[in-house]
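Each residue of the sequence shown is one higher than the last, beginning at 23 in the working numbering.
Have a look at the structure below, then the notes.
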Amino acid sequence: MALYSDKVFDHFRNPRNVGVIENADGVGEVGNTVCGDIMKMYIKIDDGRISDVKFETFGCGSAIASSSMATEMIKGKPLDEAMQLTNKAVAEALDGLPAHKLHCSVLAEEAIQAALIDYYTRKGLELPEELKKAAERAAKDEH
Ligand code: FES
23 MALYSDKVFD
33 HFRNPRNVGV
43 IENADGVGEV
53 GNTVCGDIMK
63 MYIKIDDGRI
73 SDVKFETFGC
83 GSAIASSSMA
93 TEMIKGKPLD
103 EAMQLTNKAV
113 AEALDGLPAH
123 KLHCSVLAEE
133 AIQAALIDYY
143 TRKGLELPEE
153 LKKAAERAAK
163 DEH
């Protein structure tokens, strides 16, 4: 069996939603200290939905494919759905990732959560429960 699915190759070779949103409503940047890969996610929000999302990923092919798939999965979605996107769902949508590459999809989940946390923080709104856990985890990682 091939190590990577056709979907992983497709999203790696033709990543969707690459780039920057200049006037983003939320920006999240996360990294993995072991492999050194970095992912940055930009979101635009209108009427409680993700109206646009773009990413920049300095990382491996699986990280690029995961970012691309994750952006497709949250585009147009209400915030409460977007914040529940898991790395497992991203990996499944890509028809799987090798075990040692699952952390690449974790970066996508965390980058989206970080962008949403940034949005709520900028607006001075209380973080929803789902994001509180992510914010606590991110704070721990920084120490
Ligand atoms: Fe670390 Fe892919 S090897 S994100």
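Note that CB positions come from ideal geometry on N, CA and C, so glycine has one too.
Everything numeric in this text was worked out from a predicted model, so none of it was measured.
Residue i versus the options, residue with shortest Cα-Cα distance
i: methionine 105; options: Ala46, Glu152 and Asn45; result: Glu152
i: glycine 83; options: Arg35, Gly48, Ile96 and Ala111; result: Arg35
i: histidine 122; options: Val56, Ala46 and Leu101; result: Val56
i: aspartate 102; options: Gly41, Ala87 and Tyr142; result: Tyr142
i: lysine 62; options: Ser89, Phe31 and Asp68; result: Ser89
i: glycine 41; options: Asp68, Asp32 and Glu78; result: Glu78
i: alanine 46; options: Lys145, Pro120, Leu124 and Met95; result: Lys145
i: methionine 95; options: Ala113, Gly81 and Phe80; result: Ala113
Identity of the residues DSSP links to residue i by a beta bridge
i: phenylalanine 34; result: Answer by DSSP bridge pairing: none, since phenylalanine 34 is not bridged.
i: arginine 71; result: Asp68 and Pro100
i: glycine 48; result: Ile65
i: isoleucine 60; result: Gly53 and Phe80
Nearest-angstrom beta carbon gap, residue j and residue i [assumed within contact, 8 Å]
i: glycine 50; j: alanine 137; result: 3 Å
i: alanine 157; j: isoleucine 139; result: 5 Å
i: asparagine 39; j: lysine 76; result: 5 Å
i: glutamate 132; j: valine 30; result: Between valine 30 and glutamate 132 the Cβ distance is about 19 Å, and since that is not below 8 Å, they are no contact.
Beta carbon of residue i nearer than 8 Å to that of residue j
i: aspartate 59; j: leucine 116; result: no
i: lysine 99; j: isoleucine 72; result: yes
task: Could I get the ranges of all uninterrupted beta strand (DSSP E) runs contained in the region 96–162, with 3 residues as the minimum, in chain order?
output: none
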